[in-house]
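What follows is a single structure, written as structure tokens, with notes after it.
There are 2 protein chains.
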Amino acid sequence: MVSAQASSQQTGPEAGPETGPETGAKQRGRGRPRSFDRETALEKAILAFWEHGYEATSVSDLTKVMGIGAPSLYAAFGDKRSLFDEVVREYGTRYGSFGDRALAEEPTARTAVERMLREAAAEYTEPGRPHGCLVIHAATNCTTPEVEESLRDRRNANIAAIESRIRSGIAAGELPADADAAALARHTGAMIQGMSQQARDGAAKEELEALAELAMAIWPRS
Amino acid sequence: MVSAQASSQQTGPEAGPETGPETGAKQRGRGRPRSFDRETALEKAILAFWEHGYEATSVSDLTKVMGIGAPSLYAAFGDKRSLFDEVVREYGTRYGSFGDRALAEEPTARTAVERMLREAAAEYTEPGRPHGCLVIHAATNCTTPEVEESLRDRRNANIAAIESRIRSGIAAGELPADADAAALARHTGAMIQGMSQQARDGAAKEELEALAELAMAIWPRS
DNA sequence: AGATTTCTCTAGCGGTCGATACAGAAAAAA
DNA sequence: TTTTTTCTGTATCGACCGCTAGAGAAATCT
Numbered sequence: 002m003v004s005a006q007a008s009s010q011q012t013g014p015e016a017g018p019e020t021g022p023e024t025g026a027k028q029r030g031r032g033r034p035r036s037f038d039r040e041t042a043l044e045k046a047i048l049a050f051w052e053h054g055y056e057a058t059s060v061s062d063l064t065k066v067m068g069i070g071a072p073s074l075y076a077a078f079g080d081k082r083s084l085f086d087e088v089v090r091e092y093g094t095r096y097g098s099f100g101d102r103a104l105a106e107e108p109t110a111r112t113a114v115e116r117m118l119r120e121a122a123a124e125y126t127e128p129g130r131p132h133g134c135l136v137i138h139a140a141t142n143c144t145t146p147e148v149e150e151s152l153r154d155r156r157n158a159n160i161a162a163i164e165s166r167i168r169s170g171i172a173a174g175e176l177p178a179d180a181d182a183a184a185l186a187r188h189t190g191a192m193i194q195g196m197s198q199q200a201r202d203g204a205a206k207e208e209l210e211a212l213a214e215l216a217m218a219i220w221p222r223s
Numbered sequence: 002m003v004s005a006q007a008s009s010q011q012t013g014p015e016a017g018p019e020t021g022p023e024t025g026a027k028q029r030g031r032g033r034p035r036s037f038d039r040e041t042a043l044e045k046a047i048l049a050f051w052e053h054g055y056e057a058t059s060v061s062d063l064t065k066v067m068g069i070g071a072p073s074l075y076a077a078f079g080d081k082r083s084l085f086d087e088v089v090r091e092y093g094t095r096y097g098s099f100g101d102r103a104l105a106e107e108p109t110a111r112t113a114v115e116r117m118l119r120e121a122a123a124e125y126t127e128p129g130r131p132h133g134c135l136v137i138h139a140a141t142n143c144t145t146p147e148v149e150e151s152l153r154d155r156r157n158a159n160i161a162a163i164e165s166r167i168r169s170g171i172a173a174g175e176l177p178a179d180a181d182a183a184a185l186a187r188h189t190g191a192m193i194q195g196m197s198q199q200a201r202d203g204a205a206k207e208e209l210e211a212l213a214e215l216a217m218a219i220w221p222r223s
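As they're listed, the protein sequences go chains A and B. Heads up: the first sequence runs through residues 2 to 223, numbered per the working numbering. Heads up: the second sequence runs through residues 2 to 223, numbered per the working numbering.
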């Protein structure tokens with residue numbers, strides 16, 4: 002947005018030169034191709050921001066884990082802020098989509114929430130990657146208010162999506178007409194946030210699953 | 002710990018010179034008395050760390066809100082780290098004691114947890130001060146692992162205290178013998194952490210109270 | 001009064017922050 | 001080949017970080 006670097010957001014020249022010449026609309030540029038894979042570098046950035054958060058991850062940390070120099074980072078991703086924005090978006094599609102999937106695929110609001118909580122228990126304790134949720138923890142202590150707000154908006158939007166699903170469940174008759182959709186959605190959000198925090202604090206997958214099961218006891222008989 | 006500044010942790014010369022000469026054990030020292038009130042300066046530091054967290058609150062921020070120069074801060078509180086430690090301790094006694102009080106004063110584990118959740122709803126949305134809980138949010142994105150760990154330990158100790166209270170409730174017969182004390186305690190902790198997060202994200206006191214009431218539905222019939 | 005002790009203010013230390021200028025290297029285009 | 005374009009590595013930039021030396025101010029002690 003800020004600089005004249007217009008190519009920051011594009012997918013890039015598809016890694017190696019082995020890619021066929023007729024893959025995209027705009028062929029790869031003329032000059033020297035970049036020497037690293039943008040996708041895997043982005044993945045490394047996701048893991049770094051996920052583990053340490055926006056401000057605690059320095060550009061120097063990023064260049065180290067991504068294996069590239071600072072100028073390459075700025076040329077490929079823009080400044081730290083826009084890299085983080087892209088990281089959050091990619092994180093959403095790669096790791097944070099289980100909630101939306103449950104809401105879309107499950108037949109009832111209740112089973113959707115139940116699956117969401119159960120999958121959160123697994124996602125948040127998956128070995129080999131940071132525990133908990135990036136959206137919940139990556140911008141908690143932040144001197145840049147806009148970054149803090151962007152993740153806050155995302156969290157509140159998630160709760161609103163749950164509430165919306167519960168409302169249509171009530172309309173469909175799967176839940177009592179006097180069920181409090183807002184409270185149920187907020188409760189689900191609170192459980193997920195609490196589970197994410199506890200995953201960070203060392204809770205095991207089984208403990209979080211017990212939590213998920215326990216939490217479903219508040220739902221009205223269907 | 003590091004320097005020879007041994008007087009950092011003491012209460013200080015009781016503010017003004019109007020204090021009677023026979024108040025404490027060790028009279029006030031010989032030299033120039035400090036020109037600010039240590040207690041109120043500490044309170045300002047609590048609010049700053051509470052709102053922005055450990056790393057996002059710079060020493061420059063601290064000297065501004067505390068109304069003193071950096072050398073005065075270091076002389077009175079030690080370095081940033083030890084000031085934060087004292088802030089956490091003071092926060093615990095001034096703002097974070099409602100949980101322990103509920104556990105100690107209520108007649109049953111269930112009413113203790115219920116009161117704890119209800120009071121958390123009020124505490125975390127109290128106007129005129131930062132929302133949510135300092136222990137939960139002040140060291141989330143932290144490049145100093147020891148600081149992060151110290152708050153993590155505090156959180157886990159709180160859950161352990163709840164579990165212990167539930168266990169004695171089971172022993173006293175107020176809860177079924179097969180009640181899962183660990184899961185109930187973890188659930189309470191997760192609810193409190195979720196409530197704190199939502200308070201930060203803009204939830205109102207009434208919404209958190211509804212959450213607290215909802216959460217109690219998981220408890221076994223007594 | 002001096003002498004002594006302690007605090008406060010200014011100024012600045014070395015280090016790291018995010019971000020970039022510049023020159024050389026490596027590719028495509030001519 | 002030469003030219004053009006783009007990327008990469010070095011070497012910073014100014015700003016801020018946590019922290020402190022040193023000198024003067026303000027109290028007590030003798």
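In this text, a Cβ means the ideal position worked out from N, Cα and C, and glycines have one as well. Given the structure is predicted, the values throughout are model-derived calculations rather than measurements.
Can you tell which of the options has its C-alpha closest to the C-alpha of residue i?
{"i": "B:Asp38", "options": "B:Glu52, B:Phe78, B:Gly32", "result": "B:Phe78"}
{"i": "B:Glu149", "options": "A:Ala110, A:Ala57, A:Ile69, A:Phe50", "result": "A:Ala57"}
{"i": "A:Asp226", "options": "A:Tyr92, A:Thr64, A:Thr94, A:Gly68", "result": "The structure shown does not extend to residue 226 of chain A, since chain A is modelled only from 2 to 223, so the question has no answer here."}
{"i": "A:Gly169", "options": "A:Asn157, A:Ala183, A:Ile69", "result": "The question names Gly, but residue 169 of chain A in the sequence shown is Ser. Residue A:Ala183 is the option with its Cα nearest to A:Ser169."}
{"i": "A:Pro146", "options": "A:Met67, A:Arg82, A:Ser36, A:Thr41", "result": "A:Arg82"}
{"i": "A:Thr126", "options": "A:Tyr96, A:His188, A:Ala204", "result": "A:Ala204"}
{"i": "B:Val136", "options": "B:Pro128, B:Gly54, B:Ala123", "result": "B:Gly54"}
{"i": "B:Leu185", "options": "B:Ala161, B:Gly195, B:Thr144", "result": "B:Ala161"}
{"i": "B:Gly93", "options": "B:Ala173, B:Met196, B:Glu44", "result": "B:Glu44"}
{"i": "A:Asn157", "options": "B:Ala172, B:Glu124, B:Gly195, B:Ser98", "result": "B:Gly195"}
{"i": "A:Ala49", "options": "A:Thr109, A:His188, A:Cys134, A:Ala105", "result": "A:Cys134"}
Work out the CA separation of residue j and residue i for me, nearest whole Å.
{"i": "A:Ala200", "j": "B:Asp154", "result": "14 Å"}
{"i": "A:Arg90", "j": "A:Leu215", "result": "31 Å"}
{"i": "B:Pro131", "j": "A:Arg31", "result": "54 Å"}
{"i": "A:Ala113", "j": "A:Glu107", "result": "5 Å"}
{"i": "A:Pro34", "j": "A:Ser73", "result": "11 Å"}
{"i": "A:Asn159", "j": "A:Phe85", "result": "19 Å"}
{"i": "A:Ala71", "j": "A:Asp62", "result": "10 Å"}
{"i": "B:Gly190", "j": "B:Ala121", "result": "11 Å"}
{"i": "B:Asp202", "j": "B:Ala140", "result": "17 Å"}
{"i": "B:Ala178", "j": "A:Ile163", "result": "36 Å"}
{"i": "A:Asn142", "j": "B:Asn142", "result": "6 Å"}
{"i": "A:Ala59", "j": "A:Arg222", "result": "Correcting the residue type first, residue 59 of chain A is Ser in the shown sequence and not Ala. Straight-line Cα distance between these residues: approximately 50 Å."}
{"i": "A:Glu23", "j": "A:Arg95", "result": "The predicted position of A:Glu23 is uncertain, since its pLDDT is 28 and thus under 50; a value taken from the coordinates is nonetheless stated next. Cα-Cα distance, rounded: 27 Å."}
{"i": "B:Arg166", "j": "B:Leu176", "result": "11 Å"}
{"i": "A:Ala76", "j": "A:Gln198", "result": "35 Å"}
{"i": "A:Ala172", "j": "A:Arg111", "result": "13 Å"}
{"i": "A:Ser151", "j": "A:Glu52", "result": "18 Å"}
{"i": "B:Ile193", "j": "A:Ser36", "result": "48 Å"}
Near residue i, what residues of its chain come up, given a Cβ to Cβ distance below 7 Å and the 5 sequence neighbours on each side ignored?
{"i": "B:Arg119", "result": "Glu210, Ala213"}
{"i": "A:Ala46", "result": "Leu63, Met67, Leu84, Val88"}
{"i": "B:Ala123", "result": "Lys206"}
What did DSSP end up calling residue i once you bin it into helix, strand or coil?
{"i": "A:His132", "result": "coil"}
{"i": "B:Leu215", "result": "helix"}
{"i": "B:Asn159", "result": "helix"}
{"i": "A:Glu52", "result": "helix"}
{"i": "B:Ala26", "result": "For B:Ala26, the pLDDT reaches just 28, beneath the cut-off of 50, and the residue's location in the model is therefore unreliable, although a value from the coordinates is still provided. It is coil, neither helix nor strand."}
{"i": "B:Glu174", "result": "With the sequence shown as reference, residue 174 of chain B is identified as Gly, and Glu is not the correct amino acid for it. Coil at B:Gly174, not helix or strand."}
{"i": "A:His139", "result": "The sequence as given places Ala at residue 139 of chain A; His does not occur at that position. Coil, per DSSP."}
Using a Cβ-Cβ cut-off of 6 Å (strictly less than) and excluding sequence neighbours within five positions of residue i, which residues of its own chain qualify?
{"i": "A:Glu115", "result": "Met217"}
{"i": "A:Met117", "result": "Gly100, Ala103"}
{"i": "B:Ala16", "result": "In this prediction, B:Ala16 has a pLDDT of 35, which is less than 50 and means its spatial position is unreliable; nothing more can be read from the coordinates."}
{"i": "B:Glu207", "result": "none"}
How would you list, in chain order, the residues of chain B whose beta-carbon sits under 9 Å from the beta-carbon of residue i?
{"i": "A:Cys143", "result": "His53, Gly54, Ala57, Asn142"}
What residues from chain B crowd round residue i, counting only those whose CB sits closer than 8 Å?
{"i": "A:Asn157", "result": "Asp202, Gly203"}
Under 7 Å Cβ-Cβ, which residues of chain A neighbour residue i?
{"i": "B:Ala178", "result": "Here the premise fails: no neighbours, minimum Cβ distance about 18 Å."}
{"i": "B:Glu208", "result": "Arg187"}
{"i": "B:Leu215", "result": "Ala184, His188, Ile219"}
Run down chain B in chain order and give the residues with a C-beta less than 7 Å from the C-beta of residue i.
{"i": "A:Arg153", "result": "Asp202"}
{"i": "A:His132", "result": "In chain order: nothing, as chain B lies at least about 12 Å away."}
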